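For the sequence shown, the working numbering gives the first residue as 373, with consecutive numbering after it. All residues carry an ideal CB built from backbone N, CA and C; glycine is no exception. All values reported here derive from a predicted model rather than from experimental measurement. The block underneath contains the structure these notes are about, expressed in structure tokens.
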Amino acid sequence: MKLLKEDKKKIQIGIIILIVPVILAYLLFNGKSIGNALGTFMAIISPFIIGAALAFVLNMPMNFIENKIFKKWTSKPGLKRAISLLMSLVIVSAIIAFVVILIIPNFLEAIKSLIQGIPVLVEKLRKYPEVAKQLDKIYDTYAITNTHDLVVKLKPYLTKNGLDILNNVFFGISTVFSVVLSFVVSFTFAIYLLFSKETLRRQFTELAYVFFSGKTANKILIFFKVAYEKFYSFFKGQFIEAFMLGFMCFIGMYLLKIPNAATVSVLIGFGALIPLVGAILGAALGALIILIESFSKAIMFVIFIIVLQQFDGNVTYPRIVGSSVGLPSIWVLVAVTIGAALSGIVGMLIFVPIFATIYELLYRYKKKKLKDKNICIIEEK
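Here is the structure:
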């Protein structure tokens, strides 16, 4: 006896209802071993994840060079791709070298100056009665007798959370051998992805139609297409926006003769990569670095950065990034908050395009369902 379509659906739902609690119970009682297994698995595939991320970043300048600069070059596409990729590598390597060679030493020097300048800053702040009261409370709580003791007690903390964080970023992998091996694997995988992206896209499309029905395959392909568009639009816009903001900040600080222009501008630029909160954090740290050298210049910097961010938010950002991501501000805030809680700075970056992808897919689904039901909702202005 053949089962009706509705009966089959009920059976499938019943099976899911039975299986899900079993899976949840298994995960609950074996969480530690599963976590260890996942950790091992992630350690194994991490070079490939890094390689894919590297390929994604390199693909942006490579696409521009290949499709804009070499647009009229139609013969020898392999050579065209190789030269475009080489130029992209040179551009990205030059940016990294600039940051490592010029900016990081200045940043470390700024941290050193910040630590050494704390006594002077504290004495300046003690001129204000309310601030002096709060400082006295802090002194009593931590048994500090003078500003020198404050520096002594703060220095290990600042060193641990400042210099050690930078060290962990660059030397997180335990041995030099593993660093080199991971880099070689990641770099090789990235180059392979960039040279074979059209072939891989075609193979993935074919496999989707082989293993799934036409309708399901279409949904899978639409999902990945939307995800790629959102990630590409977001990171392309953020990189250009960060460069423009950092450059404008440097020019303004140079003209206003504000100290540490290069270091602070790079902080502002990198901060701009993180939506909503990044530029604010960069500006706060920059103001603190400048404050050690000059109170008046720090005030000038704060006023300048407020004006610059207003100009950026109303003129530069809409033109460069626009509404390409298509995510309302409230959901950007939610994405940044959840991303920060789960994965720190990396989470703050990737959760915005993830949320944008989900938002776009839900929007399309909503439109389709409303159209199927012949419902038209007029939004109030």
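The Cβ atoms of Gly618 and Gly641 lie closer than 8 Å to each other.
Its chain contains no residue whose beta carbon lies nearer than 6 Å to that of Val679 once the 5 sequence neighbours on both sides are disregarded. Given a length threshold of 4 residues, each whole run of the alpha helix (DSSP H) inside the stretch 642-724 is given here in chain order: 650-665, 667-683, 689-692. For the options Val429, Asn686, Ala580, the alpha carbon positioned closest to that of Lys591 is the one of Ala580. Three or more beta-carbon pairs separated by less than 8 Å link the stretch 726-743 to the stretch 594-602, which places the two stretches in contact. Ile468 sits in a helix when the DSSP states are folded into three classes. A check of alpha carbon separations from Ala633 across Pro449, Phe622, Leu627 identifies Phe622 as the nearest.
Contact check between the stretch 660-679 and the stretch 563-578: fewer than three CB pairs, one atom from each, fall below 8 Å, which does not count as touching. The beta-carbon distance between Val704 and Ser605, rounded to whole angstroms, is 14 Å. This is too long to meet the 8 Å contact definition. For Ser701, same chain residues with a beta-carbon under 7 Å away, outside a window of 5 residues either side, do not exist.
A straight-line Cα-Cα distance of about 14 Å links Leu451 and Asn435. For Lys440, the number of other beta carbons within 10 angstroms of its own is below 16, and it is reported as exposed. Contact between Leu639 and Ala614 fails: their C-beta atoms lie close to 11 Å from each other, not under 8 Å.
Closest by C-alpha distance to Ala651, out of Val552, Ile677, Ala707, is Ile677.
Here Ala659 has Ala670, Phe673, Val674 as same chain residues with Cβ atoms under 7 Å from its own Cβ, once five neighbours each way along the sequence are excluded. The beta carbon of Val462 is closer than 8 Å to none in its chain, skipping five residues each way along the sequence.
Straight-line spacing of the CA atoms in Lys738 and Asn746 works out to 12 Å.
Counting along the chain, Leu579 sits inside the alpha helix (DSSP H) bounded by residues 569-583. A straight line joining the alpha-carbon of Thr588 with that of Lys443 spans about 36 Å. Here the C-alpha atom of Phe413 lies approximately 45 Å from the C-alpha atom of Val687. DSSP places Asn431 in the helix class (H, G or I) of the three-state scheme. Rounded to whole angstroms, Leu410 and Ala655 show a C-alpha spacing of 38 Å. Between Ser460 and Leu426 a beta carbon distance of about 11 Å is seen, past the 8 Å cut, so the two are scored as non-contacting. Between Phe561 and Pro393, the C-beta gap is not smaller than 8 Å, which leaves the two residues out of contact.
Taking the CA atoms as reference points, Leu396 sits about 40 Å from Glu570. Val582 sits exposed, since fewer than 16 C-beta atoms from the chains shown fall within 10 Å of its C-beta. Boundaries of the alpha helix (DSSP H) harbouring Phe619: 586-627, taken from the DSSP string. Burial is judged here by how many other beta carbons sit within 10 angstroms of a residue's own beta carbon; Phe607 has at least 16 and is buried. The beta carbon of Met432 sits closer than 6 Å to the beta carbons of Lys608 from its chain, once the five residues preceding and following it are set aside; these are given in chain order. With contacts defined as CB atoms closer than 8 Å, Val708 and Pro647 qualify as a contacting pair.
Measuring C-alpha to C-alpha distances from Phe595 to each of Lys743, Ile563, Tyr735, Ile421 identifies Tyr735 as the nearest. Straight across, the Cα-Cα distance linking Ile710 with Leu653 is about 18 Å. One alpha carbon belongs to Ile749, the other to Ile722, and they sit about 33 Å apart. Taking a contact as a CB-CB distance under 8 Å, the pair Leu457 and Leu566 counts as one, their CB atoms being some 6 Å apart. The Cβ atoms of Ser666 and Pro631 lie closer than 8 Å to each other.
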